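Position in the sequence shown (from 1) plus 55 gives the number in the numbering used here.
Encoded as structure tokens, the structure appears first; notes follow it.
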Amino acid sequence: MLSVKVVHNKITLVESELPYFTDDELLVRMHSCGICGSDLEKVYGNYGMKSLRVGHEPAGHVIKVGKNIKKFHEGDRVFVHHHVSCYSCRYCLQGNYTMCTNYQNSNIEPCGLSEQFIVPKWNIEHGGVLKLPESVSYDEAALIEPFACCIRGLNKISIKHGDNVAILGAGPTGVMHMLLAKFWGANNIVVSDINQFRLKFVEKYSVTTVNLNQDNLNDVIKEITKNIGTDVTILATGSIKAFESALKITRRGGKILLFGVPSVGSKFDLDLNSIYSNEQIIIPSYGASEIETNQALSLMSDKSIDLLPLVTHRFQIKESRDAFKCAHEASEAMKVLIVTS
Ligand SMILES: [Zn+2]
Ligand SMILES: [Zn+2]
Numbered sequence: 056m057l058s059v060k061v062v063h064n065k066i067t068l069v070e071s072e073l074p075y076f077t078d079d080e081l082l083v084r085m086h087s088c089g090i091c092g093s094d095l096e097k098v099y100g101n102y103g104m105k106s107l108r109v110g111h112e113p114a115g116h117v118i119k120v121g122k123n124i125k126k127f128h129e130g131d132r133v134f135v136h137h138h139v140s141c142y143s144c145r146y147c148l149q150g151n152y153t154m155c156t157n158y159q160n161s162n163i164e165p166c167g168l169s170e171q172f173i174v175p176k177w178n179i180e181h182g183g184v185l186k187l188p189e190s191v192s193y194d195e196a197a198l199i200e201p202f203a204c205c206i207r208g209l210n211k212i213s214i215k216h217g218d219n220v221a222i223l224g225a226g227p228t229g230v231m232h233m234l235l236a237k238f239w240g241a242n243n244i245v246v247s248d249i250n251q252f253r254l255k256f257v258e259k260y261s262v263t264t265v266n267l268n269q270d271n272l273n274d275v276i277k278e279i280t281k282n283i284g285t286d287v288t289i290l291a292t293g294s295i296k297a298f299e300s301a302l303k304i305t306r307r308g309g310k311i312l313l314f315g316v317p318s319v320g321s322k323f324d325l326d327l328n329s330i331y332s333n334e335q336i337i338i339p340s341y342g343a344s345e346i347e348t349n350q351a352l353s354l355m356s357d358k359s360i361d362l363l364p365l366v367t368h369r370f371q372i373k374e375s376r377d378a379f380k381c382a383h384e385a386s387e388a389m390k391v392l393i394v395t396s
């Protein structure tokens, strides 16, 4: 069984035996799994979260069912969520599901970027396995997790009909935020990036794009919002510069969603007085719970939002090194998937 590991910041392919399988677990054959910005951060950056496993967006079909499991059967097509909350601790009861201690402690074995993987009892019992309707392909299902994370972020800032929205970063999650903001009835949507390919991709959805190498984001926002600033600014990048811009372009009392993963040690010199007097609201959003994975699946299955155009590249698992390089350089890439044939 072939799996992908990060060893000393390098993508490494390992041929290993299947992990030990108990009567309370599921064995899934992976068909499609996306490379996430956080996976790239584990290889090319400085990732701050616990797990260094790569691949947490896997979709596949069940090939073995533990004796004690009644809800799933061999052949079921599924999306598997790696981190699953307990839904009964203080964090969970207050709605901070991704802050649950069990959230980051739960995981699939060995990881999503593996030809096969084991889903532990915990994930099965806490809603971490979603059965896929026929209308949702494996490639689409591989987009459930990042899409769910975007839905959670937008739920947290409670985006409203008529909001003027800026999205900084036109990568896959930037585009997902853009599609969701459109779906929820945002008024003007401005998307900025320095990547010409990605900006061209976004233009197809008739939103305003800003190439930060040529245009001044401030000026564009001023013009569109009649000097007021955006109601909502979404950081779909972990860049400090983008955060600095967000503070400039968001209106007084507006909201800034901290979505992209900043590197560990990302420091920023902030004038607390300006945050106070402008009442800007900064809201971070990390991960997603089963509420949003289910919302994501239902938006996909009833075809409310079509995410498949985001998939620009598919690599076989043995080509994972090239896949990571492609997703990292992103010169002509949006979402990169690893598939098994
Ligand atoms: Zn992710
Ligand atoms: Zn909990």
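Even for Gly, the Cβ is constructed at its ideal location relative to N, Cα and C.
Predicted model only: the values in this text are computed from it and were never measured.
Q. What number of angstroms, rounded off, separates the C-alpha of Gln251 from the C-alpha of Asn266?
A. 7 Å
(Q) Checking 9 Å against the spacing of the C-beta atoms, do Leu95 and Phe379 come in under that value? (A) yes
Q. Going by C-alpha distance, which of Asn219, Ala382, His111 and Ser359 is nearest Val262?
A. Asn219
Q | Limits of the alpha helix (DSSP H) - the one that Arg376 falls within | A | Ser375 to Glu384
Q) Can the beta-carbon of Cys205 be found less than 9 Å from the beta-carbon of Gly342? A) no
Q | Which listed residue (Ile90, Cys91 and Gly100) has its alpha carbon closest to that of His63 | A | Gly100
Q: Consider the C-beta atom of Thr156 and the heavy atoms of ligand 2; say whether any pair is separated by less than 8 Å.
A: yes
Q. Are the CB atoms of Val59 and Val69 nearer to each other than 9 Å?
A. yes
Q) Secondary structure at Val257, three-state DSSP: helix, strand or coil? A) helix
Q: For Ser356, I'd like the list of residues in its chain whose CB is within less than 7 Å of its CB, leaving aside the five on either flank, ordered along the chain.
A: Pro188, Ser190 and Val191
Q.
Among the candidates Asn151, Glu278 and Cys381, whose CA atom is the shortest distance from the CA of Asn243?
A. Glu278
Q: Mind the definition here: the segment 379-388 touches the segment 358-366 only if three or more C-beta pairs lie below 8 Å; say whether that holds.
A: no
(Q) Does the distance between the C-beta of Tyr341 and the nearest non-hydrogen atom of ligand 2 fall short of 8 Å? (A) no
Q) At a cut of 8 Å, does the segment 327-341 reach the segment 305-315 through at least three beta carbon pairs? A) yes
Q. If you scan the segment 220-274 from start to end, which runs of the alpha helix (DSSP H) of 4 or more residues do you find wholly inside it?
A. 227-238 and 251-258
**Q.** Residue range of the alpha helix (DSSP H) that includes Lys97
**A.** Gly92 to Tyr99
Q | Lys215 beta carbon less than 9 Å from that of Asp131 | A | no
Q. What separation, rounded to the nearest whole angstrom, lies between the Cα atoms of Cys91 and Gly309?
A. 28 Å
Q: Tell me whether Ser213 counts as near ligand 1, meaning its Cβ is closer than 8 Å to at least one heavy atom of that ligand.
A: no
Q. Between the C-alpha atoms of Leu354 and Ser375, what's the straight-line distance to the nearest angstrom?
A. 29 Å
Q: Identify the continuous alpha helix (DSSP H) that holds Ser300 and give its terminal residues.
A: Ile295 to Ile304
(Q) Pop quiz: His181 and Cys147 are said to be a contact at Cβ under 8 Å. What is the actual Cβ separation, rounded to whole angstroms? (A) Not quite, the Cβ-Cβ distance comes to about 10 Å (not below 8 Å), so this is no contact.
Q. What is the DSSP secondary structure of Pro364, counted as helix, strand or coil?
A. helix
Q.
Please state the DSSP three-state secondary structure of Thr280.
A. coil
Q) Beta carbon of Lys296, beta carbon of Asn273: below 9 Å? A) no
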